[in-house]
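J.: If you use my numbering, the sequence shown corresponds to residues 105 to 305, in order. Mind having a look at this structure? Questions to follow.
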Amino acid sequence: MFDRTKKNPGDTAQDSPPTSPYQSQTSAPAADATHRPVPVSTAPAAVRGRATAVIGPSIQIEGTLRGQEDVSIEGEVTGTIHLQNNTLTVGAQGKIKADVYANTIYVEGSTEGDLFGSEQVIIRKSAKVRGNITSPRVSLEDGATFKGSIEMDPESVKSVLGPAGASSRNVAPARPASAPQPVSGSTAATPISNAGGGQSR
105 MFDRTKKNPG DTAQDSPPTS PYQSQTSAPA ADATHRPVPV STAPAAVRGR
155 ATAVIGPSIQ IEGTLRGQED VSIEGEVTGT IHLQNNTLTV GAQGKIKADV
205 YANTIYVEGS TEGDLFGSEQ VIIRKSAKVR GNITSPRVSL EDGATFKGSI
255 EMDPESVKSV LGPAGASSRN VAPARPASAP QPVSGSTAAT PISNAGGGQS
305 R
């Protein structure tokens with residue numbers, strides 16, 4: 105006879121749970137889940153890509169610092185700095201006791217002396233500045249220490265940086281010593297008379 109416990113082949117398909125068409129899609133991880141945007145550099149466009157000479161924390165310079173490239177100072181400089189066409193950066197460890205002539209000046213450390221920037225002078229919040237600032241554009245961040253005066257007249261900047269730039273490039277030759285001038289009037293020696301008053305033979 106027939107076995108009533110035997111199931112039809114079609115019943116097996118009905119007993120299995122239905123498969124959702126979205127099941128494989130939800131379980132697969134997103135392919136681009138680990139991709140993150142790359143941060144963009146915030147360096148100024150004028151400084152980016154330019155060679156910079158670095159004066160390290162252990163270096164001390166006394167005298168005149170002059171050049172035709174950007175300079176970053178982390179050490180100590182005493183004297184005068186001439187970088188009329190370039191940028192000077194005083195790092196957080198930098199200590200300057202000098203008058204500075206540059207195109208752009210960034211200060212993060214300490215300076216004592218007048219700052220002359222033909223383009224701009226930027227004082228960061230960690231800076232300590234004692235001296236006058238002359239530049240058409242000056243920026244002082246909140247927290248910076250500053251004692252001095254600020255001159256933002258472009259004509260004043262030209263009047264200061266013009267002679268300073270000329271003196272740093274052209275040095276006038278020393279004038280030769282002038283010859284001694286003759287003394288006017290008679291210079292003939294007066295004859296000395298004889299003590300006895302007699303005629304000389």
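Here a beta-carbon is modelled for each residue, glycine too, at the ideal position from N, C-alpha and C.
#1: Hey, would you say T208 sits closer than 9 Å to K232, going by beta carbons?
#2: Can you tell which of H186, V181, Y210 and Q188 has its C-alpha closest to the C-alpha of K199?
#3: Buried or exposed: S162, going by 16 or more other Cβ atoms within 10 Å of its Cβ?
#4: So, with DSSP's three-state summary, where would you put E259?
#5: Answer yes or no: do A206 and G221 have a C-beta to C-beta separation smaller than 9 Å?
#6: With burial defined as no fewer than 16 other Cβ atoms inside 10 Å of the residue's Cβ, what is the status of D174: buried or exposed?
#7: Give the straight-line distance between the Cα atoms of E259 and S243, rounded to the nearest whole angstrom.
#8: Candidates K201, I237 and G235: which alpha carbon is nearest I165's?
#9: Roughly how many angstroms lie between the CA atoms of Q188 and V261, to the nearest whole one?
#10: In the DSSP assignment, what are the bridge partners of G171?
#11: What separation, rounded to the nearest whole angstrom, lies between the Cα atoms of M256 and S263?
#12: Grab me the residues of G235's own chain with a C-beta within less than 7 Å of its C-beta, minus the 5 sequence neighbours each way, in chain order.
#13: Give me the Cβ distance between I159 and G179, rounded to the nearest whole Å; I'm assuming they're in contact under 8 Å.
#14: Distance, Cα to Cα, G167 vs G195?
#15: If I measure Cβ to Cβ from T156 and keep anything under 6 Å in the same chain, skipping five residues before and after, which residues do I get?
#16: Less than 9 Å between the beta carbons of I226 and V211, yes or no?
#17: To which residues of the same chain is D246 closer than 7 Å at the C-beta, ignoring the five residues directly before and after it?
#18: Which residues in the same chain have their Cβ closer than 7 Å to the Cβ of S282, if we skip the five residues on either side of it in sequence?
#19: Out of G171, G213, Q224 and P240, which has the shortest C-alpha to C-alpha gap to T337?
#20: Where in the segment 170 to 252 do unbroken runs of the beta strand (DSSP E), each at least 3 residues long, occur, reported from the N-terminal end onward?
T.: Based on what the coordinates show:
#1: Position 104 of the sequence shown holds residue 208. Position 128 of the sequence shown holds residue 232. Taking 9 Å as the Cβ cut-off, T208 and K232 do not qualify as a contacting pair.
#2: In the sequence shown, the residue the question calls residue 199 occupies position 95. When only C-alpha atoms are compared, the closest one is V181.
#3: Within the sequence shown, residue 162 is the residue found at index 58, counting from 1. The residue is exposed, with fewer than 16 neighbouring Cβ atoms inside 10 Å.
#4: Translated into the one-based positions of the sequence shown, residue 259 becomes position 155. DSSP places E259 in helix when its eight states are reduced to three.
#5: Walking along the sequence shown from the start, residue 206 turns up at place 102. Walking along the sequence shown from the start, residue 221 turns up at place 117. In contact: A206 and G221 (Cβ atoms closer than 9 Å).
#6: Translated into the one-based positions of the sequence shown, residue 174 becomes position 70. Buried, since its Cβ has 16 or more Cβ neighbours within 10 Å.
#7: For this step, residue 259 is matched to residue 155 along the sequence shown. For this step, residue 243 is matched to residue 139 along the sequence shown. C-alpha separation (whole angstroms): 19 Å.
#8: For the purposes of this step, residue 165 is taken as the residue at position 61 of the sequence shown. Selected option, being the one with the closest Cα: K201.
#9: Sequence index remark: in the sequence shown, residue 188 carries index 84 (1-based). Sequence index remark: in the sequence shown, residue 261 carries index 157 (1-based). Going from the Cα of Q188 to the Cα of V261 covers about 12 Å.
#10: Your numbering for residue 171 matches position 67 in the sequence shown. According to DSSP, G171 bridges with nothing at all.
#11: In the sequence shown, counting from the first residue as 1, residue 256 sits at position 152. In the sequence shown, counting from the first residue as 1, residue 263 sits at position 159. In a straight line, the C-alpha of M256 is about 12 Å away from that of S263.
#12: Residue mapping note: residue 235 aligns to position 131 of the sequence shown, counting from 1. Once the five neighbours on either side are set aside, the close Cβ partners of G235 are T215, E216, G217, D218, L219 and G252.
#13: Indexing the sequence shown from 1 puts residue 159 at position 55. Indexing the sequence shown from 1 puts residue 179 at position 75. Contact holds; Cβ gap of about 5 Å.
#14: Position 63 of the sequence shown holds residue 167. Position 91 of the sequence shown holds residue 195. Roughly 19 Å between the two C-alpha positions.
#15: One-based indexing of the sequence shown puts residue 156 at position 52. Contacts found: D174 and S176.
#16: Sequence index remark: in the sequence shown, residue 226 carries index 122 (1-based). Sequence index remark: in the sequence shown, residue 211 carries index 107 (1-based). The answer is yes: Cβ separation under 9 Å.
#17: Walking along the sequence shown from the start, residue 246 turns up at place 142. Result list for D246: K229, in chain order.
#18: Taking the first residue of the sequence shown as 1, we reach residue 282 at position 178. Note on S282: pLDDT 48, under 50, position unreliable in the model; the coordinate value appears next. Answer for S282: no residue qualifies.
#19: Lying outside 105 to 305, the shown extent of the chain, residue 337 is not represented and no answer is given.
#20: 174 to 177, 180 to 194, 199 to 211, 214 to 216, 219 to 227, 232 to 234, 242 to 244 and 249 to 251
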